[in-house]
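Written below as C-alpha cells is the structure these notes are about.
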Amino acid sequence: MKKPLFAALSFLLFHSLSAQYSEVIITSRPGQAVVPFTTGQKVFQVQTGFNYTDSEDDSSNQSINSLGYAADFRYGILENFEIRSGFQTRRDDLTFETGATDQFGGLSSLSAGIRYNIISGEGFKPSFGFQTDVSLPWVDEAYEMEEIAPRLMLIHSQQLTDFLGLTTNWSVSWNGNDNHPKGGYVINLAFPISGKWSGFIENYGEVADSDFDTRWDTGLAFLVNNNFQLDLSAGFGDNEELTDWFVDAGISWRTRF
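First residue of the sequence shown? That's 971 in the numbering used here, and the numbers climb one at a time after it.
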C-alpha cells in the first residue's frame, strides 16, 4: 500500500507537468495510495519509515504489537517508466488469551515491480498510471509464502479544486499461498495546509471472497526542500473480528544522475 501527496500535490495543483520530473519531489509517503506519476528519467528516489501497529483479533482472542521498518527504492528508466523495489522488516509481539506470549520477526516483505504513466493530465484533466509488482517468497520463516504474489494496480489522480486533489487506486492481488484473488482500493484526498505543510485523509480496504475490511488514515508532510520530505501519519480499522491502529513516520528523498 502507499497519492497526490502532500507538498508535491501543492505543486501539481498549480502547475502543469510537461515531463515526469517535477520541481518538487512526488512521493508515495505517507498513506496507502500511490500516484500515477514516475520519478522522471535517471532519478533515484528513496521512501522509508518506521511504523508501530496494535491489533486485537476477537476470533482468536489474541493481540499483536508490531514494530516495523519499510523502504522503497525507485529509479526512472524513461520519463514515464520506472523500476522499483522494496522491503520490510518487523518484530511482532503476540499475546494469547491465556496470557502467554510469543515473539518473532525478521524480513517480512520483499518486492519488485514497475510503474508506467499512461496519461499526464493538466489542470482538472485526470492522470492515469499502471503499476505491477510481485512479493517474493525469500523472507523469514514466520512470513513465508509458497510462491511469488503478484499485484496489478490501476492508478488515477486529478485536481478537484484549486486546493483539493483526488487519487484512487484499484488493485487485484494474490497472497502466494492459493489461487484466490483479493480486490483492493484506496481513495485519497490531499490538500495544502500552510507554507511547506500539507495533509491528506483517505479510506482504503480490501475484499476477498465474502470478507470486506476497510480502514481510515490521515497525516501530514513537511517539505524540507524540493528533494527532501518528512512525514507523519496514523490510522485505524474496526472490522468484524479485528480492530487495529497504527502510527508511521518517515522520510523521502531523491537525487538525479
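All C-beta atoms, glycine included, are put in the ideal place defined by N, C-alpha and C.
Bridge partner(s) assigned by DSSP for residue i
{"i": "W1186", "result": "N1173 and F1206"}
{"i": "I1034", "result": "S1025 and L1064"}
{"i": "A1041", "result": "T1018 and F1057"}
{"i": "L1136", "result": "Q1128 and L1159"}
{"i": "R1052", "result": "Checking the displayed sequence, the identity of residue 1052 turns out to be Glu instead of Arg. Answer is G1046 and R1085."}
{"i": "N1195", "result": "F1198"}
{"i": "F1007", "result": "BP columns for F1007 are empty, so no partner."}
{"i": "A1178", "result": "D1181"}
{"i": "Q1073", "result": "D1063"}
Residue i classed as buried or exposed, judged by whether at least 16 other C-beta atoms fall within 10 angstroms
{"i": "R1060", "result": "buried"}
{"i": "D1208", "result": "exposed"}
{"i": "I995", "result": "buried"}
{"i": "W1108", "result": "exposed"}
{"i": "L1159", "result": "buried"}
{"i": "E1116", "result": "exposed"}
{"i": "L975", "result": "Since pLDDT at L975 reaches only 42, below the 50 mark, its modelled position is unreliable, and no value is offered."}
{"i": "A1119", "result": "buried"}
{"i": "A1191", "result": "buried"}
{"i": "H985", "result": "Legend: pLDDT at H985 = 37, less than 50; position of this residue unreliable, no value from coordinates given."}
{"i": "D1148", "result": "exposed"}
{"i": "E1067", "result": "exposed"}
{"i": "L982", "result": "Reliability fails at L982, whose pLDDT of 41 lies under 50, so the model's placement of it is uncertain and no value is given."}
Pair within 9 Å by beta-carbon distance, residue i and residue j
{"i": "R1224", "j": "T1018", "result": "no"}
{"i": "P1000", "j": "G1135", "result": "no"}
{"i": "V1013", "j": "R1054", "result": "no"}
{"i": "F1020", "j": "L1048", "result": "no"}
{"i": "I1157", "j": "N1173", "result": "yes"}
{"i": "F1094", "j": "Q1058", "result": "no"}
{"i": "S1105", "j": "D1042", "result": "no"}
{"i": "L1064", "j": "S1033", "result": "yes"}
{"i": "E1176", "j": "G1205", "result": "no"}
{"i": "S1097", "j": "V1005", "result": "yes"}
{"i": "W1215", "j": "S1025", "result": "yes"}
{"i": "N1145", "j": "L1124", "result": "no"}
{"i": "F1170", "j": "N1087", "result": "no"}
{"i": "S1090", "j": "L1122", "result": "no"}
Residue span of the beta strand (DSSP E) that contains residue i, given as start and end
{"i": "I995", "result": "Counting along the chain, I995 falls outside any beta strand (DSSP E), and DSSP gives it neither H nor E."}
{"i": "W1144", "result": "Element bounds for W1144: n/a, residue is neither H nor E."}
{"i": "A1112", "result": "Note, A1112: premise wrong, no beta strand (DSSP E); not H, not E."}
{"i": "G1165", "result": "Looking at the DSSP string, G1165 is not in any beta strand (DSSP E), and its letter there is neither H nor E."}
{"i": "D1218", "result": "L1212 to R1226"}
Original post:
Can you give, in chain order, each stretch of the beta strand (DSSP E) that sits fully within the segment 1082-1108 and has at least 3 residues?
Top reply: 1097-1105
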